[in-house]
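Protein chains: 4
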Amino acid sequence: MSETIWDLAHLAHVELLTPKLDESTWFFTEIMGMTISATTGDSVYLRAYDDYEHHTLKLTAGHEAGMRHFAWRARSPKALDRRVTAIQQTPLAIGWNKGDLGHGPAFQYYSPDGHLTEIYFETEKFSPKPDQQSALKNTASRFPGRGINVRRIDHLNLFAGDVRAFRDFQLGHLGGILTESIVDNLDDMNPRAVWFMVNSKSYDLAVTLDYLGARGRFHHVTYAVNSREEVLIAADICLENGIKIETGPHKHTIQQTFFLYVYEPGGNRIEIANTTARLITDPDYQTIYWTMEERKKGQAWGLPTIPTFHTQGTPMVKSESVKE
Amino acid sequence: MSETIWDLAHLAHVELLTPKLDESTWFFTEIMGMTISATTGDSVYLRAYDDYEHHTLKLTAGHEAGMRHFAWRARSPKALDRRVTAIQQTPLAIGWNKGDLGHGPAFQYYSPDGHLTEIYFETEKFSPKPDQQSALKNTASRFPGRGINVRRIDHLNLFAGDVRAFRDFQLGHLGGILTESIVDNLDDMNPRAVWFMVNSKSYDLAVTLDYLGARGRFHHVTYAVNSREEVLIAADICLENGIKIETGPHKHTIQQTFFLYVYEPGGNRIEIANTTARLITDPDYQTIYWTMEERKKGQAWGLPTIPTFHTQGTPMVKSESVKE
Amino acid sequence: MSETIWDLAHLAHVELLTPKLDESTWFFTEIMGMTISATTGDSVYLRAYDDYEHHTLKLTAGHEAGMRHFAWRARSPKALDRRVTAIQQTPLAIGWNKGDLGHGPAFQYYSPDGHLTEIYFETEKFSPKPDQQSALKNTASRFPGRGINVRRIDHLNLFAGDVRAFRDFQLGHLGGILTESIVDNLDDMNPRAVWFMVNSKSYDLAVTLDYLGARGRFHHVTYAVNSREEVLIAADICLENGIKIETGPHKHTIQQTFFLYVYEPGGNRIEIANTTARLITDPDYQTIYWTMEERKKGQAWGLPTIPTFHTQGTPMVKSESVKE
Amino acid sequence: MSETIWDLAHLAHVELLTPKLDESTWFFTEIMGMTISATTGDSVYLRAYDDYEHHTLKLTAGHEAGMRHFAWRARSPKALDRRVTAIQQTPLAIGWNKGDLGHGPAFQYYSPDGHLTEIYFETEKFSPKPDQQSALKNTASRFPGRGINVRRIDHLNLFAGDVRAFRDFQLGHLGGILTESIVDNLDDMNPRAVWFMVNSKSYDLAVTLDYLGARGRFHHVTYAVNSREEVLIAADICLENGIKIETGPHKHTIQQTFFLYVYEPGGNRIEIANTTARLITDPDYQTIYWTMEERKKGQAWGLPTIPTFHTQGTPMVKSESVKE
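Here the protein sequences line up with chains A, B, C and D, keeping their order.
If you use the working numbering, the first sequence corresponds to residues 844 to 1167, in order.
If you use the working numbering, the second sequence corresponds to residues 844 to 1167, in order.
If you use the working numbering, the third sequence corresponds to residues 844 to 1167, in order.
If you use the working numbering, the fourth sequence corresponds to residues 844 to 1167, in order.
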C-alpha cells in the first residue's frame, strides 16, 4: 500500500453566495459571533475568533444561495507543488490565480462533481487591532461574548452526484485518509457518503450523495464551538432570533459530532458543532464503513435522520423525483 | 420548636451605589447581559433575562460604591402584614414608603447591622415589548446572547459587624431556615457567617463577619447562569474585557456554589454562579455547622479562600487593624 | 382570590412495580447511579446521592410494570393536619397507615383518577455510613462516580383519564400553583395537561391526558442531574448499555426541562433531566397556557413530540382506538 | 528555513513506576475509568476508552514513583526510518528492541536529559471483546460510565535540567513545531519551558525546567475528558475518594488547557484536562513566547501557579536549595 499523503493542512475557507447579503452578514456577525475582516464590492470576508487566517468565510452577493468556491491550505510550499503537479495531470485542473484578500497565489481546479476548489500556501495570518486582541496571546483574537461565539471553521460538507468519483480523486490527488463512509452494503461497497481527514480532526471534508441527482451543490459548512453546552445555547439563540432550525441538537452516529443545523437568511445550511475530545491521531486509521441498513437506526441516540438532509442543498433545484 | 416562618418569597432587588454610573451600566448590560428597564435621574433599573419583576438591580450614582438598600418580596399580602407587624415591634422599624418604579408600597427597616432593607408584596411583573419577547412564553424575556447571559438574581451577601445579632433578628422576625453557618468552634458556636433560606434555593441571603469591624457594608450580589460551563465562559469574558477577577471559578465548600467573583467598574463585588441541581426541599433542614478549623481546608477542591474576602466590602473603609 | 396553600414540601417517593426486579435494580444502581437503602421481601428501596430521605424510589416485584403509590411530604405537622382534614372531606380519603421503612404515619387517598397517594411528615433523614459519607457534609451522601450519577428525585408525571378532575382536586385540597397547562384552545380552556408547583421548582407533579382513556396510569418519574452535559452523557451510557431511549435529549417547550426518556428493564418510563438555573420564586405566578395549536410546534428546538408520549404508560393497556 | 518534519504521529504511551501497584491500578481503573489490557509480572497495561492502541499507560512496580520510559508512534514505516537514522547520528541512540505487548520493534534513545524514550510504528490496534464493544463502532471501546471516564491520552510533561538541549534535540531530530515557550526574557530567549506539537493537538509533549536541578524526571501525564464539565466532575470524584488535588480546576494561560492536577496513590502527578475546541492546524505556526514577567500573572483567570509545579516531580529528590 502506498503511504498516506499528508500535503493538505486544513480546510481554509468557503465562499458562499447569498441573495440577502446584509441579512446573511447579520447572521454571521450577530448570531454566529464572527467578525468582518474586510468588505469589498459584493463580498464580505469573515472569520471566527480563533481562525488564524484573514478569513474562513467569504460572503458574496448572488442571485441564489450556493457555494462559489472553497479552498485548502497546503502544508508547505513543496506540498503545494506536489498537489498541483498531481492535479495538473487530470482534466480537472484550471490553473493559478493571483490569490485573494488574505492569501497568495492559488491553484484552481474542479472537483469531479464540478465544485470550484483552490489550494494555496501563502497566507496572511490575522493580526488583531488593539481592540481585537485577546488577553491570551495564543488566541487569534478575543472571545466575542456575542451570539454563538464560534471558535473556528471545522469542516465542509458537499453534495455530489457521483460520490465514488469524488472519493477517488480526493484520495488519489489530494491525499488524506477516508475515515468513515456509508456504503449501500458490504457486498458492493458502493459509496453513498465519504469523510476525508487531512490532519487530526476526524474530517475536514464530507461528501454525500445528492438524492436529487444534481451536480456540484453545497450541503453545509460547520463552525466549532468550545463545548456541547454551547451548541445547546446556540439552539436557544437561533430560536430566539427566528433562525430556522432544521434538526438537532443531537449526536451524529458517524464521526460523533454533536450538531445543530440551521439555515442562514440567504438559504445556505450552517452547522454549529462540537466534537468533544475526539481526535484521530492514528496515522493508518482503517475506514469505518456503515451500511444503509445500519443507517436506519438514525443518529446516535435515535433521532431519525431528517429527509431534507438528502435533498436540500444550495443552489436549490426543482425537486423532481428523488432518486434514492 | 416553633414552626418555620415561610413568609418571604425571595430576595427581590438590590440598589447599588456607584461612582461610575456609566461604566457600571456598561458592565451590567454588555458584560453581564442584563437589560435596562428604566432610567430616572441618577438611577438605572436593570434585570436579568428571566427575572420576572421590573428590576432586580438599581444602580444609583453615588460618591462611593456600596449598597443603598435591598428588598424582600413577601409571599402574600397577609405574609407581608405578619412580617411588618413583627418588625414594628422592634426598634429597627422605619415605616412604609410609596414604593418605587416596579413595585408597590414597601415597609422599610434596618438590619441589626444598619443595612437599609424593605419588604413588599405588590409588584409589576415584567411585560416584554415585542422585540424583547422570548420564543418560549414561560421565559420572562428573551435570552440575550450577549456577554455572560445571567438568568436571574440569585442571592445577596452582606458584611456585618455583629453576625449573631443579624442572624437572630432574621430568623425571629423575617423567618426562613439557617441552612449553613460558620462558627468559631463547636463549643461556643459563635457565628462567623450565616446563610438564610426562604424558598427552595439553599440561600437567598448570606451574612459574614466584617474583619474590619465596620457596620452595614455590602459584600456581593450574585446572578445565576444556566451552567457551570457558562461560569467558565464568564471568566473568559471578564478576562477579555479587563474586568478584575478576584477569585474563581471554583466550587464553594459551603453551599457548593460554583462561583466567579469580579469587581464591577464602580467597585462593588459581583458573583456569577451556578449551583447545578442542588436544591433544599427539606422543610425542617438541620443547619450544617462549619468550624474555623474546618474552613482552613479552603474551598471544595482546595483553593484557599482569598484574604480580601474577609475585608474588602463596599463602601471601602480605611483598613486599620484586621480583627479576626 | 384565596391565598395559595403551601402545605406540601415536595414529592417524596414513588413505588414502582416491575416484573423484572433484579434487572430494574441493576438499572437504578448501575446505570442511574442510585444506592440501595434497604431490601425487604419483594421490595428494594433506593435513593439518589443527594436525596435526603431514606428512599425516593421503592421497587416492588409485580406481575406487570406500573406505579403502586406515590407520596408527598408535608411542610410541617400542622400542614399535614390541614391537608388530611381537607382530603377527609372528600370520598377519595382512605385513611392512616403506620408508615413504611424510612417514614412515619402516612395518610392515604386516591387521586381522582385512582392513583394511590399518601402524605406524611415524619421522616428518617438518610444517615450515611462512613464509606457513604461525602467529603462535603452538606451533601446527603457521596457522589457515586457511577453511571448517570443522578442527584435527586425531581418530579412525577401521571397519566389521567380526567385531567380536569385531577387538577381541581390537587389545587383545592393539596395546594400549590398550576404553573403551566395545555388546553384544547383558549375558548374552552379544557385541560389536556397540568403542571403543579409546590416549592420553587417549577413542578413536582405533572398530569397528562391518557389518549387510551385508561385510568390511574403512570407516565414517568424524573431524576435530576447537575448539568445538561450529564444528560448527554446519560444518553451515551444508555446507548452503551442497551437501555431503550424513547426520545431526547432535547429541551421541552413546557417547563424548559432538558430531557432524556428511557425505559427501565421492567418497562416503566424514566426521565433524566436538568432544568439549568430555572426556578419559579414568584409566589403568585400566573399560569402559562399552551393551546393544542401551539403544541404542534413540537419541543423547544423543533423536535416533534413522540406519539408514544400520549399512549404508552404503565401498566400497559390494550391499545384500542386512541382517543385524542 | 527547512521544512517542518511531520514524522511523529502522536505520543503513544508512558510507563510509570509505582511503589503501590495495586493502589495505582485501582486509581487508574476505578477513578480514571481506564481498563486493563493485560497484566504481566510486575506490570499492568491500561488504556482509556477511546485509545486505539493496546495501551497508553504501563504501570510497573518500582521502589519509587517515576517514569521508566515513554514512546512515540511514527507516522509511517518510512517516517520511523528517517527518525531512527537521525537519532543514530547522535550519542543518545540506544538501539532496537523487540517491542512489548501491543507494539512491534521500537528504537530506544535517551532524551538529552536522560529520559528513556522509544519510537515505533507497528502496533496492535485494540480489538474489543464483545462486552467491551461500543454501540458506535467508531469508538475504540465502550464509554465506561465509571469514575472520570477519560477518553484518550493527551500529552506528557517532563522536567529537564537543561530545557534548551531538550528543545534543540527534539526539533532537530524528532520534528514537529515548538508552539509555545517560556523564556527568561525576550533579550536572552533562554528557554524555561517548551511545548512540542506533532499533529493538530497544540502539544503532545511539554518540557519544563526542574528547579531542583535534577535530570530526567517525570512531571505529569495527561488524559483528556470530553468537556470542561467533566473536569469539574473529576474534581468531585477525586475529593470524594481521597485523591490529593494539587491545583485546579482552572485554565492554563499557556495552551489554554482546562486542567486538574492530582496525585495517583503511587506518587506520580496526573492531569485530567479538556482543551475545548482548540486545535492548531496552521502548518507554519509561529512560536508564542512568554516571559517570566508575563508568567507572574498566574494562570488564565488569575490563579497563582502553585510552587510545587516547579519542584515536585518523580522520582522525588531531596529538596536542597531550589534553583530558579
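Just so it is clear, CB atoms sit at the ideal spot from N, CA and C, and this is done for glycine as well.
Since the model is a prediction, treat every value here as computed from it, not as a measurement.
Nearest in C-alpha terms to V1041(C), of all of L854(C), T982(C) and E846(C), is L854(C). Comparing C-alpha distances from D997(A) to each of I1086(A), G1004(A) and Y895(A) shows the shortest one belongs to Y895(A).
Apart from the 5 residues on each side of it in sequence, L1075(D) sits with its Cβ closer than 7 Å to the Cβ of P1092 in its chain, given in chain order. The C-beta of E965(A) comes no closer than 8 Å to any C-beta of chain D.
Between N981(A) and E858(D) the beta-carbon gap is near 31 Å, outside 8 Å, which marks them as no contact. Under the three-pair Cβ rule at 8 Å, the stretch 935-942 of chain D does not count as touching the stretch 999-1007 of chain D. As DSSP reads the structure, N1117(D) sits in a beta bridge with F1101(D). In the DSSP assignment, S867(A) falls within the unbroken alpha helix (DSSP H) covering L864 to W869. Under the three-state reduction of DSSP output, Q951(C) falls in the strand class. Interface residue (Cβ-Cβ distance to chain B less than 8 Å): W1133(D) is not classified as such. Contact between the stretch 1063-1081 of chain B and the stretch 1134-1141 of chain D is absent, with fewer than three C-beta pairs closer than 8 Å. In the three-state DSSP reduction, D1027(A) falls in the coil class, being neither helix nor strand.
Taking 3 residues as the shortest admissible run, the stretch 887-969 of chain C contains the following complete beta strand (DSSP E) segments, listed from N- to C-terminal end: 900-904, 909-917, 936-940, 949-953 and 959-963. The alpha carbon of T903(B) has as its nearest neighbour, out of L889(B), Y952(B), E873(B) and H1016(B), the alpha carbon of L889(B).
Pairing G884(A) with V1105(D), the inter-Cα distance amounts to about 56 Å. Comparing alpha-carbon positions, the option among T1119(C), K1139(C), T1100(C) and C1081(C) lying closest to F870(C) turns out to be C1081(C). Taking a cut-off of 8 Å for Cβ pairs, the stretch 1012-1027 of chain C and the stretch 1038-1055 of chain C touch, as three or more such pairs fall below it.
Using a Cβ distance threshold of 8 Å, A1143(D) and A1067(A) do not count as a contacting pair. By the criterion of at least three beta-carbon pairs nearer than 8 Å, the stretch 1139-1158 of chain B is in contact with the stretch 906-926 of chain B. Using a Cβ-Cβ cut-off of 7 Å, P1126(B) is close to A852, R918 and S919 of chain C, given in chain order. About 5 Å separates the beta carbons of I930(C) and A936(C), which is inside the 8 Å limit, making them a contact pair. For the pair H856(A) and T1148(B), the Cα-to-Cα distance works out to about 47 Å. Under the three-pair Cβ rule at 8 Å, the stretch 966-978 of chain A does not count as touching the stretch 1112-1126 of chain A.
By the criterion of at least three beta-carbon pairs nearer than 8 Å, the stretch 876-883 of chain B is in contact with the stretch 974-994 of chain B. The Cβ neighbour count for T933(D), taken over all protein chains shown within 10 Å, is under 16; the residue is labelled exposed. Beta-bridge partners assigned by DSSP to H1095(B): none are found.
S845(D) is classed as exposed because its beta carbon has fewer than 16 other beta carbons within 10 Å across all chains shown. Cβ-Cβ distances below 6 Å link A1078(C) to P1092 and L1103 in the same chain, with the five nearest sequence neighbours on each side left out; the list follows chain order. Per DSSP, the beta-bridge partners of R1112(C) are Y1106(C). Per DSSP, reduced to three states, the secondary structure at P973(C) is helical. L979(B) and L999(B) have their C-alpha atoms roughly 28 Å apart. Contacts with chain D (Cβ-Cβ distance below 7 Å) from the stretch 1079-1113 of chain C involve D1079, I1080, L1082 and E1083, listed in chain order. K863(D) sits close to G1109(D), with the two beta carbons spaced by under 8 Å. With a threshold of 8 Å between beta carbons, A881(D) makes no contact with chain A. Counting other Cβ atoms within 10 Å of its Cβ, N1028(C) stays below 16 and is therefore classed as exposed. Here the alpha carbon of G1141(C) sits roughly 21 Å from the alpha carbon of F1101(A).
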